[in-house]
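> Below is the structure I would like to discuss, written out as structure tokens.
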Amino acid sequence: MPSVNLRHSVRAIILDEDERVLLCRFTIPEPVGTVVWATPGGGMEPGETQLAALSRELQEEVGLVVTADPPHVWHQEVVAPGHAEGYDGVINDYFLVRTAAFKPRGTLSDDQLAAECISGLKWWHPHEIASYAGTDLFSPRDLASSLTTLITAGAPAEPTWLGL
Numbered sequence: 141m142p143s144v145n146l147r148h149s150v151r152a153i154i155l156d157e158d159e160r161v162l163l164c165r166f167t168i169p170e171p172v173g174t175v176v177w178a179t180p181g182g183g184m185e186p187g188e189t190q191l192a193a194l195s196r197e198l199q200e201e202v203g204l205v206v207t208a209d210p211p212h213v214w215h216q217e218v219v220a221p222g223h224a225e226g227y228d229g230v231i232n233d234y235f236l237v238r239t240a241a242f243k244p245r246g247t248l249s250d251d252q253l254a255a256e257c258i259s260g261l262k263w264w265h266p267h268e269i270a271s272y273a274g275t276d277l278f279s280p281r282d283l284a285s286s287l288t289t290l291i292t293a294g295a296p297a298e299p300t301w302l303g304l
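Add 140 to a position in the sequence shown, counting from 1, and you land on the number used in our numbering.
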């Protein structure tokens, strides 16, 4: 069986006191016009721990400083050529970060965010995601139900495996 080259990424489910989740609006170049709302985070650098990568990504994208080791709540593997440039897919590990609401603004400039395909940031209630009728996508696709379960049941003892 050929080996698969997957990009290892860390992502944060940032929940505020009103159970809203902070999502990044990714405008994907191909196919043109694809917009995906996903949790902040990104790829791990060689030799970087998950917490170090998560801390770096959150400071860069949304301006949140994470000092404690948040619970690892979800795990996702997507093997799909073209899903991550230069890779056969991604491994996403999601961590739960609870915080007071804040106005997100990371250390990256608008041009740097655009280079990462990030075109906006927004707080969403799970019911807004569930009832969304537009053309934008959410990642993971079952984000609303996964969030509702996480909020209702709390962090699982072992990370929950997610689909696409």
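Using N, Cα and C, we set each Cβ at its ideal position, and we do this for glycine too.
Because the structure is a prediction, the values reported are computed rather than measured.
(1) Given this structure, state the Cα-to-Cα distance separating GLU197 from ALA220, to the nearest angstrom.
(2) Tell me whether ALA284 is buried or exposed, calling it buried when 16 or more other Cβ atoms sit within 10 Å of its Cβ.
(3) Would you mind giving the Cβ-Cβ distance between LEU163 and GLU201, rounded to the nearest angstrom? I have them listed as a contact below 8 Å.
(4) So for THR179, helix, strand or coil by DSSP?
(5) My parser needs the alpha helix (DSSP H) runs of 4 or more residues fully inside the segment 217-267; what are they?
(6) Per DSSP, what are the beta-bridge partners of ARG147 in this structure?
(7) Since VAL237 and LEU290 should fall inside the 8 Å C-beta cutoff, what is the C-beta to C-beta distance between them, to a whole number of angstroms?
(8) Would you mind sorting THR292 into buried or exposed? The rule is 16 or more other CB atoms within 10 Å of its CB.
(9) Should ALA152 and THR179 be called a contact, given that it needs their Cβ atoms to be closer than 7 Å?
(10) So if DSSP puts LEU163 in a beta bridge, which residue, or which two residues, is it bridged to?
(11) Between ALA192 and TYR234, what straight-line distance do the alpha-carbon atoms span, to the nearest angstrom?
(12) Can you list, in chain order, the residues of its chain with a C-beta nearer than 6 Å to that of PRO210? Leave out the 5 residues immediately preceding and following it.
(13) Taking 8 Å as the limit between beta carbons, can you name the residues of its chain near THR239, skipping five residues before and five after?
(14) Quick one, which of HIS148, VAL176, ILE168, GLN252 has its alpha-carbon nearest GLN190's?
(15) Could you please give the first and the last residue of the uninterrupted alpha helix (DSSP H) stretch that includes LEU290?
(16) What is the rounded straight-line gap between the Cα of VAL218 and the Cα of ASP228?
Inspection of the coordinates gives the following:
(1) Sequence index remark: in the sequence shown, residue 197 carries index 57 (1-based). Sequence index remark: in the sequence shown, residue 220 carries index 80 (1-based). One C-alpha to the other measures close to 23 Å.
(2) Taking the sequence shown and counting its residues from 1, one reaches residue 284 at position 144. When all chains shown are included, ALA284 counts as buried.
(3) Reading the sequence shown from its first residue, position 23 is the one you call residue 163. Reading the sequence shown from its first residue, position 61 is the one you call residue 201. That pair is no contact at about 11 Å.
(4) The sequence position of residue 179 within the sequence shown is 39, counting from 1. If DSSP states are grouped into helix, strand and coil, THR179 belongs with coil.
(5) 250-255
(6) Taking the first residue of the sequence shown as 1, we reach residue 147 at position 7. Paired residues: VAL230.
(7) Here residue 237 refers to the residue found at position 97 when the sequence shown is read from its first residue. Here residue 290 refers to the residue found at position 150 when the sequence shown is read from its first residue. So it is not a contact: roughly 12 Å between Cβ atoms.
(8) The residue labelled residue 292 in the question sits at position 152 within the sequence shown. Under this definition THR292 is an exposed residue.
(9) For the purposes of this step, residue 152 is taken as residue 12 along the sequence shown, with counting starting at 1. For the purposes of this step, residue 179 is taken as residue 39 along the sequence shown, with counting starting at 1. In contact: ALA152 and THR179 (Cβ atoms closer than 7 Å).
(10) Reading the sequence shown from its first residue, position 23 is the one you call residue 163. Partner(s): LYS262.
(11) The sequence position of residue 192 within the sequence shown is 52, counting from 1. The sequence position of residue 234 within the sequence shown is 94, counting from 1. Answer to the nearest angstrom: the Cα atoms are 14 Å apart.
(12) In the sequence shown, the residue the question calls residue 210 occupies position 70. Correct list, in chain order: PHE235, LEU236, VAL237.
(13) Residue numbering aside, residue 239 sits at position 99 when the sequence shown is read from its first letter. For THR239, where only same-chain residues beyond five positions count, the Cβ hits under 8 Å are ILE154, LEU155, ASP156, LEU204.
(14) Position 50 of the sequence shown holds residue 190. It is HIS148 whose Cα lies nearest to the Cα of GLN190.
(15) By 1-based counting over the sequence shown, the position of residue 290 is 150. Taken as a continuous stretch (DSSP letters only), the alpha helix (DSSP H) holding LEU290 covers 283-293.
(16) By 1-based counting over the sequence shown, the position of residue 218 is 78. By 1-based counting over the sequence shown, the position of residue 228 is 88. Their backbone Cα atoms lie some 9 Å apart in a straight line.
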